Amino acid sequence: MLFTSYAFLGFLCVLFPLYYLIPTRHQWKLLLLASCLFYFAAGPTYLLYILTTALTVYYAARRIGALGAEQSAYLKEHKAELDREGRKAYKDSVKKRQRRWLLFALLLNLGILAVVKYTNFAIRNLNGLLSLFGSGRQLSFWNIALPMGISFYTFQALSYLIDVYRGVSPAQQNPFRFILFVSFFPQLVQGPISRYKDLSPSLFAEHPFDAHTLCRGLQRVLWGFFKKLVIADRMLSAVNTLIRGGDYTGAYAFAGMLFYALELYADFTGGIDITIGVAEALGVTVQENFIRPYFSKSIKEYWRRWHISMGTWFTDYIFYPISVCRPMLRLSRFGRAHLGEQLGKRLPIWLSSFAVWLATGIWHGASWNFVAWGLGNWLVIMISQELEPLYERFHRRFSVAEKGWFRLFQVVRTVLLMSALRMFDCYRDVPLTFRMFFSMFTARNWAVLFDGSLLTLGLTGLDFAILAGGLVLLLTVSLRQRRGSVRDAVAARPYPLRFCLWFGLFLVVLFMGAYGIGYDESQFIYNQF
Amino acid sequence: MEDLLNILRPLHPHVDFENCDTLITGRILDSFDIVSIISEVEAEFGVVIGAENITPDNFNSAKALYALICRLEDED
C-alpha cells in the first residue's frame with residue numbers, strides 16, 4: 001500500500017475518524033492494528049519478519065533492563081559490605097551478561113537483514129570469482145523477497161536496544177507497545193529512523209480530537225504529495241530515458257545527473273513530508289529528517305541536513321563506538337609515537353569514517369555502485385576535512401566567507417558534487433558511471449540543452465512548464481522556511497486567502513500530478529532501501 | 530582543567546572554551562572534534578570516554594567534560 005495509492009487514501013479515511021472516535025486510551029492499540037494491517041497488505045510473510053525483530057529486541061532489551069535494575073538493587077542492599085573493587089567486579093559481571101543479550105539480538109537481527117538483503121549480492125560476486133578462475137560452476141540465486149522497510153525498522157529497533165544497554169532509554173515492558181514503536185506505519189516505508197526517547201512519548205500518549213492538529217498534519221501531507229506527484233513522478237520518465245535509455249552522454253549525462261538529484265530530493269522529502277504529516281494528524285511527533293540540504297555550503301553540512309536520522313544513527317552507533325574503542329585508541333597512540341602527532345590523531349577519524357561510509361553505502365543497496373557511492377562520499381569528506389585549514393586561510397585572506405556570491409558558489413558546488421556522487425546511485429554500474437561522468441568533459445553536445453532535444457526524453461513542453469513552476473514554488477518555500485514555519489505564516493493570513501492557498505495546492509496536485517491514463521503509482525526511491 | 534583547555538583550544542582557537550556552554554548545541558564541535566578530544570583525553574588523563582558517554586550534556590562545555598573525566602577517573 002504505497003502512500004500515493006488510492007488504497008492508502010482509503011486507509012486513512014477509515015483510520016482518522018476511528019482514531020478520534022474511540023476512547024483515547026485505546027488509540028495506540030488502533031495504531032498497532034493499523035500498522036499490522038498496513039504491513040500485512042505489503043506482504044503477509046513480511047509481518048513475520050517485523051514481528052521477529054520486534055519480539056527478539058523487546059525480550060533482549062527487557063533482560064538488559066532487568067539486569068540493570070537487579071544491579072541497582074544489589075548495590076543498594078550491599079552498599080556497606082562492598083568495597084570499590086567488589087562493586088566494580090560486580091558491575092563488570094552484570095555488564096558482561098547484558099552484553100550477551102545485546103550481542104544475541106544484534107547478531108540475530110543483523111543476520112536476518114544480511115540474509116534477505118545481501119545473499120544474492122554475495123552469490124553474484126562468488127559466481128564472478130568462479131568464472132574468473134575458470135570454473136564452470138555457478139551458484140543459483142535465492143528467491144527471497146526483501147521485506148518492505150526492513151533496513152529502517154531493523155535500525156530503529158536496534159537503536160532502542162543499544163540505548164537500553166547504554167542506559168539512555170528505559171526498557172519498554174509492554175510487548176505490544178514495543179511492536180507499535182517498531183512498526184508505526186507512516187515510518188515503515190522510508191523512515192525516518194526514530195529514536196525511542198523521541199517517538200514513544202507522543203506515540204503512546206492520548207490525543208483528544210483537535211481540528212488544528214489534524215489540519216496541520218493534512219497540510220504537510222498535501223505538500224508531500226505535491227513534491228512526489230507533481231515534481232518527482234513527472235521527472236521520472238526523463239530520468240529513466242536519460243539513465244537507462246542508451247547512450248546519452250555529455251550534456252545529456254549532465255542533465256540526467258541534475259534531474260535525478262532533483263527527483264530524488266522531491267521523492268524522498270515528499271515521502272517524509274507525508275510520513276510526518278500523517279503522524280502529526282494523529283498527534284504523533286516524528287523528528288524532521290531534512291533541513292533544506294541543497295542549501296548546504298559543504299558536503300559535511302549537507303550530511304547533517306540530509307536524511308538526518310540515518311546520519312545520526314551511523315554516527316552514534318558505528319562512528320563513535322569504533323573511533324573511541326580501546327584498540328583504536330591504542331592505534332592512535334602508536335600512530336602518534338611512530339608516524340607523528342597529527343597523523344596519529346587523524347587515524348581513528350579516517351578509519352572510523354571509512355567504516356561508516358562503507359556501511360552507509362551497503363545499507364543503501366546490495367551492489368558495488370552503492371559501495372562506490374559511499375566511499376566516494378568518504379573520500380570527498382576526508383579531503384575537505386584535510387583542506388579545512390587551507391580554506392580558513394583563504395577565507396581570512398580574501399574575506400569572502402560572508403559574501404552572498406561566495407555562499408551561492410559554495411551551495412552550487414555542494415549541489416554539483418553531491419549530484420555527481422549520486423550518479424553511482426542512478427546508473428547502478430560503476431564503470432558506466434565513470435564513463436558518463438567523464439563524458440561531460442569530453443562530449444561536445446551542450447547545444448542539446450537549448451535546441452529542443454530535451455523534449456524528446458518523454459517530457460513535453462507542458463511537463464517542463466509544470467516542473468519549472470513546481471521548482472519555483474519549492475525554492476520559494478525553502479527560502480521562506482529559513483525565517484520559520486511556512487504553515488504558521490499561512491495560518492496567520494485571513495481565512496479566504498489561506499483557503500485559496502491550500503485549495504489551490506490541492507488542485508495543483510489533483511490536476512498536475514503525474515497520473516495519466518493507466519496511472520500506476522510509482523514506488524518511493526528510498527522504499528527499496 | 531587547564532590540561533583539558535590545552536586540548537580544546539587548538540581545535541577552535543577563536544572559541545572561549547572556559548565559558549562556552551553550547552559546544553554541541555551551537556554546532557561548534559563536530560563528531561571529528563569529539564573523537565580527537567577523546568583520543569587526547571585518553572593520552573593526557575589515561576581515561577577512556579566510551580561511546581555511551583558521548584552525549585550533548587557531557588560535551589556542551591569544558592566544565593561538563595571535565596566533570597565527566599573526573600567521574601570516570603573515580604570509577605576506575
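Going down the list, the protein sequences come from chains A and B.
Sequential numbering from 1 applies to the first sequence in the working numbering.
Sequential numbering from 530 applies to the second sequence in the working numbering.
Beta carbons are placed, not taken as given, at the ideal position from N, Cα and C, and that holds for glycine.
Since the model is a prediction, treat every value here as computed from it, not as a measurement.
query: Proximity below 8 Å, CB of A/Q138 to CB of A/N127; result: yes
query: Within chain A, partners of B/A572 - CB distance below 7 Å; result: R333
query: Cβ-Cβ distance between A/I272 and A/P170 below 8 Å; result: no
query: Three-state secondary structure (DSSP) of A/N401; result: Contrary to the premise, residue 401 of chain A reads as Ala rather than Asn in this sequence. If DSSP states are grouped into helix, strand and coil, A/A401 belongs with coil.
query: N-terminal and C-terminal residue of the alpha helix (DSSP H) that B/E573 is part of; result: S560 to F574
query: 4 or more residues per run - each alpha helix (DSSP H) lying fully within the region 458-506 of chain A; result: 461-481 and 486-491
query: Expected contact under 8 Å - CB spacing of A/P293 and A/R305 to nearest Å; result: 4 Å
query: CB contact flag (A/L471, A/F226, <8 Å); result: no
query: Start-end ranges of the alpha helix (DSSP H) lying completely within the region 123-168 of chain A, minimum 4 residues; result: 150-166
query: Alpha-carbon to alpha-carbon, A/M148 and A/L467; result: 30 Å
query: A/I362: first and last residue of the uninterrupted alpha helix (DSSP H) it sits in; result: E341 to H364
query: Euclidean distance between Cα positions of A/V412 and A/Y252; result: 19 Å
query: Closer than 7 Å: A/Q98 CB and nearest the ligand PLP heavy atom; result: The ligand PLP is not part of the structure shown, which contains no ligands of any sort.
query: Selection from A/L375, A/E341, A/A355 and A/L479 that minimises the alpha carbon distance to A/M418; result: A/L375
query: Whole-angstrom C-beta distance between B/V570 and B/I536, which should lie under 8 Å; result: 7 Å
query: Min CB distance B/E581 to chain A below 8 Å; result: yes
query: Per-residue burial, A/G167 [other beta carbons within 10 Å of its own, 16 or more giving buried]; result: exposed
query: B/I583 in three-state terms, based on DSSP; result: coil
query: Boundaries of the alpha helix (DSSP H) in which A/W368 is found, first to last residue; result: W368 to E386
query: Segment limits, alpha helix (DSSP H) that includes A/S35; result: Q27 to A42
query: Own chain, CB closer than 8 Å to A/L30, minus 5 neighbours either side, in chain order; result: L15, L18, Y19 and I22
query: A/T433 vs A/M423 beta-carbon contact at 8 Å; result: yes
query: Beta-carbon spacing of A/Q219, A/R487 below 8 Å; result: yes
query: Test item: CB-CB of A/V286 and A/T269 under 8 Å; result: no
query: Cutoff 7 Å; reference A/Y544; Cβ partners in own chain excluding five residues on either side; result: Because chain A here runs from 1 to 529, residue 544 of chain A falls outside it and cannot be looked at.
query: Range of the contiguous alpha helix (DSSP H) that encloses A/W313; result: I308 to F314
query: Coarse secondary structure for B/E547, derived from DSSP in three states; result: coil
query: Sequence-distant residues of its chain with Cβ nearer than 7 Å to A/V490 (five each side left out); result: R498 and L501
query: Euclidean distance between Cα positions of A/A238 and A/G256; result: 8 Å
query: Test item: CB-CB of A/L343 and A/L331 under 8 Å; result: no
query: Closer than 7 Å at the beta carbon, the chain A residues around B/F561; result: I349 and Q385
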